[in-house]
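In this note's numbering, the protein residues as written are -2 to 284. The beta-carbon is built from N, C-alpha and C at its ideal position, and this holds for glycine as well. Since the structure is predicted, the reported quantities are computational estimates derived from the model, not experimental observations.
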């Protein structure tokens, strides 16, 4: 087993910037997907989203040359795609009937806890002291962003189910080597489409959408694939446990967008959570 350790005093700002960009993209995607799931069936949003992700991932993989595409890396990417399909199916279902400020953070809190635990105990990650403080601050921060009430509101169970997919998605993709370029992301989108195909077949009438709605779902999925591309590039430069935690800060963005665009109210606890997320970002970047 290979143990990855950050060298104190030598942070990797490029990796942190990439993974924070991934978190921003995912925040926007979840906000847009949540809104769309309230207008069309969540099965259609998820299925067409993965098709859009497949198109973008294949285009990106073709544009970025790969030194050698290894079967193991494609299998890791495929496993990540299975996690993505599972996560997005339950996340979109939860967002279609629950509060965005509860469902998204609940999935992230549990997902990041599972991911970090596996990264440290199974994959041999060894974060530095500042990074550990950042990890410790992140989980309660996400909890407060959700309003500190994971058991409240509809869709919470879906958020918890989605968290397992989130953990698999991040951990599996982080195992893909850089020699395979972005093909693991493309392999993941293929796997996600195949996993979702039976559910789509059962709801085939739900897939008959106006062209505008179909394009919206495709673009949302393409955005999610872009987020995974950024995450994969970051995971090749960051400790996986740190990359997962930084990427999981994305719930803060849907809360901010909900305030600005949907005029939702924010509680004092959510303000504390957003501030804590900012502190965690600094600690993890320096750690």
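task = State the CB to CB distance for the pair residue 78 and residue 187, rounded to an integer number of angstroms; the pair is presumed to be in contact (CB under 8 angstroms).
result = 7 angstroms
key: Alpha-carbon spacing of residue 169 relative to residue 13, whole angstroms   = 19 angstroms
ask   = Looking at the structure shown, is residue 90 part of a helix, part of a strand, or coil, going by DSSP?
value = Looking at residue 90 - three-state DSSP - the assignment turns out to be helix.
ask   = Is it true that the CB of residue 134 sits closer than 9 angstroms to the CB of residue 338?
value = Since the first residue of the chain shown is -2 and the last is 284, residue 338 is not available in this structure.
ask   = Under a three-way DSSP split, which group does residue 266 fall into?
value = helix
message = Let me check understanding here. Comparing Cα to Cα, which of 84, 69 and 174 lies closest to residue 190?
response = 84
request  = Report yes if the C-beta distance between residue 274 and residue 229 is below 9 angstroms; otherwise report no.
outcome  = At a Cβ-Cβ threshold of 9 angstroms, residue 274 and residue 229 do not count as neighbours.
key: Under the three-state DSSP convention, the category residue 123 falls into   = Here residue 123 sits in strand by DSSP.
Whole-angstrom C-beta distance between residue 264 and residue 162, which should lie under 8 angstroms = Incorrect: roughly 28 angstroms between the Cβ atoms, too far for contact.
First and last residue of the uninterrupted alpha helix (DSSP H) at residue 38 = No alpha helix (DSSP H) holds residue 38; DSSP gives it neither H nor E.
ask   = For residue 269 versus residue 130, is the C-beta distance shorter than 9 angstroms?
value = no
message = In this structure, how does DSSP classify residue 196 when only helix, strand and coil are distinguished?
response = helix
inquiry  = Among the candidates 176, 182, 164 and 233, whose CA atom is the shortest distance from the CA of residue 66?
reply    = 176
key: Buried or exposed by the 16-neighbour rule on C-beta atoms within 10 Å, applied to residue 39   = By the neighbour-count rule (16 or more Cβ atoms within 10 Å), residue 39 is buried.
inquiry  = Please report the straight-line C-alpha distance between residue 137 and residue 210, rounded to a whole angstrom.
reply    = 36 angstroms
query = Under three-state DSSP, which class holds residue 155?
reply = helix
key: The alpha helix (DSSP H) enclosing residue 172, as first and last residue numbers   = Careful: residue 172 lies outside any alpha helix (DSSP H) and carries neither H nor E.
ask   = From residue 52 to residue 119, what distance separates their C-alpha atoms?
value = 33 angstroms
query = Within 10 angstroms of its Cβ, does residue 226 collect 16 or more other Cβ (buried), or is it exposed?
reply = buried
inquiry  = Residues in the same chain with beta-carbon distance under 7 angstroms from residue 44, minus the five sequence neighbours each way, listed in chain order, please.
reply    = 193, 197 and 204
query = Leaving out the 5 sequence neighbours to the left and right, which residues in its chain are closer than 8 angstroms to residue 61 when beta-carbon positions are compared?
reply = 178 and 179
request  = Starting from the C-beta of residue 89, find all residues in its chain whose C-beta is less than 7 angstroms away, skip the five residues before and the five after it, and write them out in chain order.
outcome  = 30, 34, 39, 42 and 43
key: Enclosing alpha helix (DSSP H) for residue 233 [first to last residue]   = Neither: residue 233 is in no alpha helix (DSSP H) and is coded neither H nor E.
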